[in-house]
Amino acid sequence: MAHTKAKGTTKLGRDSQSKRLGVKIYGGSPIRCGQIIIRQRGTKYLPGDGVKRGNDDTLYAVRDGVVKFIRTRYTNFTGNKQMKQRVSVIASTEGPKNISPAKSSAKEDKAKDELLEKQEKRAQKRQTKSDEAQKRKTKSEIIEQEAPIKMITRNKEAKKAPKPYKKD
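Counting from 1, position 133 in the sequence shown corresponds to residue 133 in the UniProt record's numbering; the numbering is continuous, with no gaps.
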């Protein structure tokens, strides 16, 4: 016998993860090349100058500058006219000020220099090891490598390599 009463099932109770769509960088904000301006499904916003559209309709900047939103009249495939927003990136002569990388401290600079030195030393060690290995190879070693190779059959008997056919 069952110890608990039968419980009903539900066809609900599922949910998909949010897609995090929308405007990521607003008008008047500085932007760098490659940064995403808008994530969207469909073309609610159209790309303008300095902006390209990705495969999933994402709009991204193709040059540094400042984001600008412009309302434009748009004719759709049925001939109806609609107002849509066109996103452009206007190249600024000064460049974006807010996005420039933070100044690194003296400790960070020193750590980077040490890391570069270690990498250079490792590369030099590898090079010297390969040079030494080349020098160590003598003619006798090279000749030994060119000796005929013995073939091993299924019953593990060692056989010599077959001799090449000579025409008389």
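For every residue, glycine included, the Cβ atom is placed at its ideal position computed from N, Cα and C.
Query - Span of the beta strand (DSSP E) around Tyr74 - result: Mapped onto the sequence shown, residue 74 falls at position 74. Looking at the DSSP string, the run of the beta strand (DSSP E) that includes Tyr74 is 65-75.
Requested in this report: Keeping to the same chain, check which residues put their C-beta closer than 8 Å to that of Met83; ignore five residues upstream and five downstream.
Outcome: By one-based count along the sequence shown, residue 83 stands at place 83. Arg71, Thr72, Arg73, Tyr74, listed in sequence order.
Query raised in the report: Are there 16 or more other CB atoms within 10 angstroms of the CB of Leu12, so buried, or fewer, so exposed?
Result: Start at 1 with the first residue of the sequence shown, and residue 12 comes out as number 12. Leu12 is exposed by the Cβ-count criterion.
**Report entry** Ala61, enclosing beta strand (DSSP E) - first and last residue
**Finding:** For the purposes of this step, residue 61 is taken as the residue at position 61 of the sequence shown. Here the beta strand (DSSP E) through Ala61 covers 59-61.
Requested in this report: State the beta-bridge partners of Ser88 as determined by DSSP.
Outcome: As a first step, residue 88 is located in the sequence shown; it is residue number 88 there, counting from the start. BP columns for Ser88 point to Lys68.
Query raised in the report: Expressed to the nearest angstrom, what Euclidean distance is found between the alpha-carbon atoms of Cys33 and Lys135?
Result: Numbered from 1 along the sequence shown, position 33 holds the residue referred to as residue 33. Numbered from 1 along the sequence shown, position 135 holds the residue referred to as residue 135. For Cys33 and Lys135, the distance between alpha carbons rounds to 51 Å.
Report task. For Gln127, name the three-state secondary structure that DSSP assigns. Result -> Numbered from 1 along the sequence shown, position 127 holds the residue referred to as residue 127. Of the three classes helix, strand and coil, the one that applies to Gln127 here is helix, per DSSP.
Query - Arg53 - partner residues in DSSP beta bridges - result: On the sequence shown, residue 53 is found 53 positions in, with the first residue counted as 1. Leu59, per the DSSP bridge assignment.
Query raised in the report: Quick one: what does DSSP say Leu116 is sitting in, helix, strand or coil?
Result: Indexing the sequence shown from 1 puts residue 116 at position 116. Note: Leu116 maps to helix in three-state DSSP.
Report task. Kindly indicate the opening and closing residues of the beta strand (DSSP E) around Tyr45. Result -> Counting from one through the sequence shown, the residue named residue 45 turns up at place 45. Tyr45 -> beta strand (DSSP E) spans 45-47.
Query raised in the report: In chain order, what residues of the same chain lie with their CB nearer than 8 Å to the CB of Pro96, ignoring the 5 residues before and after it?
Result: Walking along the sequence shown from the start, residue 96 turns up at place 96. Note that Pro96 scores 49 on pLDDT, short of 50, meaning its location in the model is unreliable; the coordinates nonetheless yield the value given after this. The answer, listed in chain order, is Pro30, Ile31, Arg32, Asp64, Gly65, Val66.
Query - Option in Thr58, Ala111, Ala123, Arg126 with minimal Cα separation from Thr43 - result: Taking the sequence shown and counting its residues from 1, one reaches residue 43 at position 43. Out of Thr58, Ala111, Ala123, Arg126, Thr58 has the C-alpha closest to the C-alpha of Thr43.
Query raised in the report: Got a sec, what are the start and stop residues for the beta strand (DSSP E) Ile37 sits in?
Result: Walking along the sequence shown from the start, residue 37 turns up at place 37. Its beta strand (DSSP E) spans residues 36-39.
Query raised in the report: Given that a residue counts as buried once 16 or more other Cβ atoms are within 10 Å of its Cβ, and exposed if not, what is Pro164?
Result: Taking the sequence shown and counting its residues from 1, the one referred to as residue 164 is at position 164. When all chains shown are included, Pro164 counts as exposed.
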